[in-house]
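Residue numbers (this note's numbering): 171 to 504.
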């Protein structure tokens, strides 16, 4: 059996998550890794038995014949990597968020369409069985409104606290909740956001990203959602989830469970058993092997729509106005 030769760009935590899953797949061979330094690349290579190490993407792509590449880099590092892969016609998996704005991802998307390239984006929650079942339940419900929250502590990497490098918490992290809502409920047409800096800029140097925010989303269907986030909490304290309020009752989702309440004494709970990271990798590898993209639940085109919403939220917070999301651009709502 011919093995698919896979390259990895990036050497952080996510690179190890994906490398572990890929290294356990019989049909895959991890062929090359590229890091910001050759030392970091060699460390990852030795841990996962990867043949070649590089500190330059162009050099890796020139020397290796890769069937696909995983782009596992921070938000500010996107752009040139994707364009080099598209030029060479190499399919890629990319972790979210796909960038800091919508202009650069829009150019990437146009180039992907021209090549009809296989892509997948790491919105892994879509692959969990709780989200699959929630999507089916919501299709049968008359939803009134939704609340969501991503409340936690600030990741201790310098780029994350820097607005210019991370895009801020809503673009970098809470994007997962926006993506789940789009996947389960439909497209979002209007966004209004308020962000603030309350705590973290007093605690750490170089904090330019907001540490509190609340965003109101209006769906094409008329459903209204409010999604709030903060990174002011101490380590180990947090709350991540979405609650749906409908005529038929309440659905409460978190990263492990889905709870349905339909009456005073009527509740049922489902616990997630699928490893969504494994499922998203299997879907991408299946597409590479067979050409069948049907199992990929978030390709670049779909992820771009989530990016539009999270970037619109930042624009709204800066301008103090509601932002309308449509096509490939956002504009102020009069």
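From the three backbone atoms N, C-alpha and C, an ideal C-beta is built for every residue, glycine too.
CA nearest to the CA of residue i, picked from the options
i, options, result
"residue 263", "274, 236, 313, 316", "236"
"residue 466", "306, 307, 290", "290"
"residue 145", "471, 302, 387", "Because residue 145 is not part of the residues shown, which for the chain are 171 to 504, the question remains open."
"residue 420", "282, 313, 200", "313"
"residue 328", "370, 340, 297, 293", "370"
"residue 233", "218, 483, 202, 297", "202"
"residue 472", "282, 176, 455", "282"
"residue 474", "385, 341, 268, 252", "268"
"residue 209", "280, 226, 407", "226"
"residue 338", "379, 488, 303, 189", "379"
"residue 247", "206, 408, 218, 306", "206"
"residue 484", "427, 438, 382, 463", "382"
"residue 392", "401, 356, 374, 407", "356"
"residue 408", "191, 324, 218, 453", "324"
"residue 230", "172, 402, 204, 398", "204"
"residue 240", "463, 259, 188", "188"
"residue 398", "176, 258, 171, 322", "322"
"residue 221", "259, 256, 176, 462", "176"
Nearest-angstrom Cα separation, counted from residue j out to residue i
i, j, result
"residue 394", "residue 216", "49 Å"
"residue 287", "residue 434", "50 Å"
"residue 333", "residue 377", "8 Å"
"residue 179", "residue 213", "13 Å"
"residue 422", "residue 318", "10 Å"
"residue 224", "residue 390", "46 Å"
"residue 340", "residue 476", "11 Å"
"residue 449", "residue 413", "25 Å"
"residue 396", "residue 384", "7 Å"
"residue 299", "residue 444", "6 Å"
"residue 271", "residue 481", "6 Å"
"residue 404", "residue 410", "15 Å"
"residue 249", "residue 273", "10 Å"
"residue 490", "residue 366", "12 Å"
"residue 190", "residue 183", "11 Å"
"residue 278", "residue 470", "9 Å"
"residue 430", "residue 297", "20 Å"
"residue 400", "residue 488", "17 Å"
"residue 468", "residue 256", "18 Å"
Cβ-based burial, residue i [other Cβ within 10 Å; buried from 16]
i, result
"residue 326", "exposed"
"residue 315", "exposed"
"residue 330", "buried"
"residue 320", "buried"
"residue 343", "buried"
"residue 280", "exposed"
"residue 306", "exposed"
"residue 252", "buried"
"residue 181", "buried"
"residue 211", "buried"
"residue 436", "exposed"
For residue j and residue i, believed in contact at Cβ under 8 Å, the rounded distance
i, j, result
"residue 495", "residue 360", "7 Å"
"residue 245", "residue 335", "7 Å"
Same chain, Cβ closer than 8 Å to residue i, neighbours up to 5 away in sequence not counted
i, result
"residue 228", "254"
"residue 295", "301, 346, 349, 350, 425, 446"
"residue 510", "Residue 510 lies beyond the residue range present for the chain, which begins at 171 and ends at 504; the question has no answer from this structure."
"residue 501", "Only weak support exists for where residue 501 lies, its pLDDT of 46 falling under 50; the value from the coordinates is given anyway. So the list reads 493, 494, once near-sequence residues are dropped."
"residue 503", "Its pLDDT being 43, under 50, residue 503 is placed unreliably by the model, and nothing is read from it."
"residue 174", "197, 198, 199, 237, 238, 455, 458, 459"
"residue 310", "418"
"residue 219", "193, 200"
Other residues of its chain near residue i: CB distance less than 6 Å, five sequence neighbours each side excluded
i, result
"residue 292", "265, 266"
"residue 308", "354"
"residue 438", "430"
Cβ shell of residue i (< 7 Å), same chain only, five flanking positions each side left out
i, result
"residue 261", "238, 287, 288, 289, 458"
"residue 185", "178, 214, 242"
"residue 195", "455"
"residue 432", "418, 419"
"residue 441", "426, 427"
"residue 452", "none"
"residue 416", "311, 312, 313, 314"
"residue 304", "354, 421, 423, 428"
"residue 258", "231"
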